[in-house]
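Protein sequences, first through last, are from chains A and B.
All residue numbers for the first sequence refer to our numbering, where the first residue is 1 and numbers rise by one.
All residue numbers for the second sequence refer to our numbering, where the first residue is 1001 and numbers rise by one.
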Amino acid sequence: MAQPGDFRARRVAGRPVILVRSDDGQVRVLLNTCTHRGALVCRTQSGNARSFQCAYHAWTFNSRGELVGVPGEDAYSLSFDRKDFALAQPRVDSYRGFVFVNFTPEGESLSDYLAGAKEFLDLVCDQSEVGMEVVPGAQLYSMRANWKLLVENSFDGYHGLPTHQRYFQFLVETGGLDMTERLPGRALALGNGHAVIEYEPPWGRLVAQWNPVFGETKKAEIETVYAKLEAKFGAEWARRVSRTSRNLLIFPNLIINDLMAVTIRTFFPVSPDYMEVSAWALEPQDESAEDRAIRLDNFLTFLGPGGFATPDDVEMLESCQKGFANREVMWSDISRGMNRAEPVPTDELQMRAFWRRWHDLLTLRPTKAEAQRAA
Amino acid sequence: MDVELLSRCAELLYLEAAYLDEKRWSEWLALYTEDAEFWVPAWDEDGQPTADPQSQLSLIYYSNRAGLEDRVWRIQSGLSPASNPPLRTCHLLTNIRLTARADTRLNVSSHWQVQIHRAEKQQTFAYFGFYEHTLRREGQALRIAGKKVTLLNDVVESVLDIYLV
């Protein structure tokens, strides 16, 4: 969305919104609801527009959301003021190119809200010197399961081997993957319900850990990438960017999984037992055609409704939803790792972080920051 | 129009559909050449199918038959919860047209619908769209050297697999 007028129409939390770069260069989010009688003012998914004209009665709004055209305006009373009819705008802020909206007019800043999750967004974004970009195309799919099950599953290090046995066997047989070692790593609560597992994966990463799958020819290239990262960020940050993977939850429903390929995934409940999922691939803007093809191949092999792993996850989550019909079994157990001072990725600390925040919100318990502000 | 050639192409497409519905995996694979590309594009922000599997996101993409062999291996292993038990399918093909022909290559487009039943979930749904098959003449035989599947449902119902489209 580099040019003024570039826009994307999206649903966020089930609401239709327009993300637009206005003519003044600022990125805005406009609620996609005509202030006249409620129709969508923008009915295309993306493009470049100087203005948005409602198809119903042709009220027209500019790229800042201001009402600039009303057919037959002389039929309105003298008190009619276009300024009262601008498209509504929720609060909007961004971090490392991720644009977030907040439908409440007041409250904490995005930076405060993201809390410890910012560090992990940095690790994802520092893979490229010029920035990351979403590859064209989205994977849209649905599941007959409660949306919170996908939160749990998206950073569940414990389920990998049993659920994805076939996939991991495939990786071992197609080259270079040693699944006999436990994944060294950690699970962290990042504040406000955000959480992550960070671990040293057995798979290779083009940024920048060589693996036999890539072939000998890429070895030197990958070492160069690593050396550049080390020079720019120092040894420790370079190691984490390159040699660790992460499954990150931004509470409540944004997942960024930085495996060999990076996926952004968000999901919305349609009903208690049904959700819709959108997934995208995030890649370095400056990667070679060859690297993009390798990353996409890895992405499709593992992820998405036509991949080797995601369909098995979907099947298990739908299976849980069916199992919940037996109400005598009242609780899911996520106590794994509570006996450990520093829980690991196959523990369930990250799930506890999510559910605690969820519980706080349902019971209206304030966060620490909110309690401090109130005091 | 070469009616006989068209009917041979149609016969091959019907045979493929029958093998998929009857889960006759090795016979299905044998219809494909080793270098056969298999591609189900995703949909982009402009409501168009993605145009290049090497630089844009797809739903399924294999650059050769080895990828299809992996899929079959996974389905047959019994270890993939999503593939076990396999879903019941019924492929319907129509509007079969010969769109281009070169020396040994034929391009065939068709319209399809697959009715799908997941018995344990008492769920019935349909996928539908277009096929573009690239066929290759090998002596007297015709084999599939490429298949592009445009899936018009842009929200996948839980699962997608080579035999569900």
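Ideal placement from N, C-alpha and C gives every residue a C-beta, glycine not left out.
C-beta contact flag for residue i and residue j at 8 Å
| i | j | result |
| --- | --- | --- |
| residue 971 (chain B) | residue 1135 (chain B) | No answer is possible for residue 971 (chain B): the residues shown for chain B start at 1001 and end at 1165. |
| residue 309 (chain A) | residue 303 (chain A) | yes |
| residue 285 (chain A) | residue 131 (chain A) | yes |
| residue 383 (chain A) | residue 201 (chain A) | No information on residue 383 (chain A) is available, as it lies outside the stretch 1 to 375 that chain A covers here. |
| residue 343 (chain A) | residue 187 (chain A) | yes |
| residue 91 (chain A) | residue 101 (chain A) | yes |
| residue 263 (chain A) | residue 299 (chain A) | yes |
| residue 404 (chain A) | residue 191 (chain A) | Missing from the structure shown is residue 404 (chain A); chain A here goes from 1 to 375 and no further. |
| residue 251 (chain A) | residue 354 (chain A) | yes |
| residue 1015 (chain B) | residue 1096 (chain B) | no |
| residue 281 (chain A) | residue 259 (chain A) | no |
| residue 156 (chain A) | residue 1081 (chain B) | no |
| residue 357 (chain A) | residue 193 (chain A) | yes |
| residue 434 (chain A) | residue 147 (chain A) | Chain A is shown from 1 up to 375; residue 434 (chain A) falls before or after that span and cannot be answered. |
| residue 75 (chain A) | residue 1057 (chain B) | no |
| residue 1125 (chain B) | residue 1112 (chain B) | no |
Delimiting residues of the beta strand (DSSP E) encompassing residue i
| i | result |
| --- | --- |
| residue 334 (chain A) | Element bounds for residue 334 (chain A): n/a, residue is neither H nor E. |
| residue 1129 (chain B) | 1123 to 1138 |
| residue 327 (chain A) | Here residue 327 (chain A) belongs to no beta strand (DSSP E), and DSSP marks it neither H nor E. |
| residue 28 (chain A) | 27 to 31 |
| residue 264 (chain A) | 262 to 271 |
| residue 7 (chain A) | 6 to 12 |
| residue 1115 (chain B) | 1105 to 1118 |
| residue 197 (chain A) | 194 to 199 |
| residue 133 (chain A) | 132 to 134 |
| residue 60 (chain A) | 60 to 62 |
Length of the line joining the Cα atoms of residue i and residue j
| i | j | result |
| --- | --- | --- |
| residue 45 (chain A) | residue 1049 (chain B) | 14 Å |
| residue 1019 (chain B) | residue 1152 (chain B) | 23 Å |
| residue 152 (chain A) | residue 1033 (chain B) | 42 Å |
| residue 1053 (chain B) | residue 294 (chain A) | 11 Å |
| residue 26 (chain A) | residue 136 (chain A) | 23 Å |
| residue 48 (chain A) | residue 60 (chain A) | 15 Å |
| residue 1006 (chain B) | residue 332 (chain A) | 58 Å |
| residue 1102 (chain B) | residue 1137 (chain B) | 10 Å |
| residue 247 (chain A) | residue 1163 (chain B) | 31 Å |
| residue 324 (chain A) | residue 158 (chain A) | 20 Å |
| residue 396 (chain A) | residue 53 (chain A) | With chain A running from 1 to 375 in the structure shown, residue 396 (chain A) is simply not present. |
| residue 1130 (chain B) | residue 1046 (chain B) | 19 Å |
| residue 337 (chain A) | residue 349 (chain A) | 7 Å |
| residue 95 (chain A) | residue 109 (chain A) | 11 Å |
| residue 9 (chain A) | residue 1030 (chain B) | 45 Å |
| residue 1093 (chain B) | residue 276 (chain A) | 29 Å |
Partner residues on chain A for residue i, Cβ-Cβ distance less than 9 Å
| i | result |
| --- | --- |
| residue 1042 (chain B) | 136, 137, 138, 139, 140, 304 |
| residue 1121 (chain B) | 144, 318, 322 |
Limits of the alpha helix (DSSP H) - the one that residue i falls within
| i | result |
| --- | --- |
| residue 355 (chain A) | 349 to 362 |
| residue 245 (chain A) | No alpha helix (DSSP H) holds residue 245 (chain A); the beta strand (DSSP E) holding it covers 245 to 250. |
| residue 301 (chain A) | 289 to 302 |
| residue 153 (chain A) | 147 to 154 |
| residue 1146 (chain B) | Unbroken run through residue 1146 (chain B) is the beta strand (DSSP E), 1141 to 1151; no alpha helix (DSSP H). |
| residue 1096 (chain B) | No alpha helix (DSSP H) holds residue 1096 (chain B); the beta strand (DSSP E) holding it covers 1088 to 1101. |
| residue 144 (chain A) | Run containing residue 144 (chain A): none; DSSP gives neither H nor E here. |
| residue 1050 (chain B) | Note, residue 1050 (chain B): premise wrong, no alpha helix (DSSP H); not H, not E. |
Nearest to residue i (by Cα), restricted to the options the options
| i | options | result |
| --- | --- | --- |
| residue 206 (chain A) | A:160, A:114, A:291 | A:291 |
| residue 73 (chain A) | A:94, A:65, A:82 | A:82 |
| residue 1078 (chain B) | A:217, A:56, A:163 | A:163 |
| residue 1042 (chain B) | A:140, A:36, A:115 | A:140 |
| residue 143 (chain A) | B:1142, B:1155, B:1149 | B:1155 |
| residue 51 (chain A) | A:37, A:324, A:30 | A:30 |
| residue 43 (chain A) | A:7, A:76, A:272 | A:7 |
| residue 111 (chain A) | A:374, A:369, A:80 | A:369 |
| residue 1009 (chain B) | B:1115, B:1099, B:1127, B:1121 | B:1099 |
| residue 145 (chain A) | A:235, A:271, A:230, A:78 | A:271 |
| residue 14 (chain A) | A:287, A:266, A:125, A:367 | A:266 |
| residue 160 (chain A) | A:360, A:367, A:366, A:347 | A:347 |
| residue 243 (chain A) | A:193, A:211, A:9 | A:211 |
| residue 1035 (chain B) | B:1066, B:1142, B:1051, B:1090 | B:1066 |
| residue 5 (chain A) | A:22, A:226, A:275 | A:22 |
| residue 255 (chain A) | A:269, A:278, A:38, A:273 | A:278 |
Residue i: contacting residues in chain A (beta-carbon distance under 7 Å)
| i | result |
| --- | --- |
| residue 1129 (chain B) | Going along chain A, no residue has its Cβ under 7 Å from residue 1129 (chain B), so there is no contact; the nearest lies around 14 Å. |
| residue 1160 (chain B) | 305, 306 |
| residue 1154 (chain B) | 140 |
Neighbouring residues, chain A, relative to residue i (Cβ below 8 Å)
| i | result |
| --- | --- |
| residue 1045 (chain B) | 8, 45, 46, 136, 138 |
| residue 1157 (chain B) | 141, 142 |
| residue 1050 (chain B) | 136, 137 |
Proximal residues of chain B, C-beta to C-beta of residue i below 8 Å
| i | result |
| --- | --- |
| residue 163 (chain A) | 1081 |
| residue 4 (chain A) | Residues of chain B passing the Cβ test: none, with the nearest at roughly 18 Å. |
Proximal chain B residues relative to residue i, where beta-carbon distance stays under 9 Å
| i | result |
| --- | --- |
| residue 296 (chain A) | 1053, 1054, 1055, 1056, 1057, 1058, 1061 |
Chain B contact residues for residue i, given Cβ-Cβ distances below 7 Å
| i | result |
| --- | --- |
| residue 189 (chain A) | None at all; the shortest Cβ gap to chain B is about 30 Å. |
Open item on the list: Beta carbons nearer than 7 Å to chain E: which residues of the segment 1056 to 1074 of chain B have them?
Closed with: Going by chain labels, chain E is absent from the structure shown, which instead holds the protein chains A and B.
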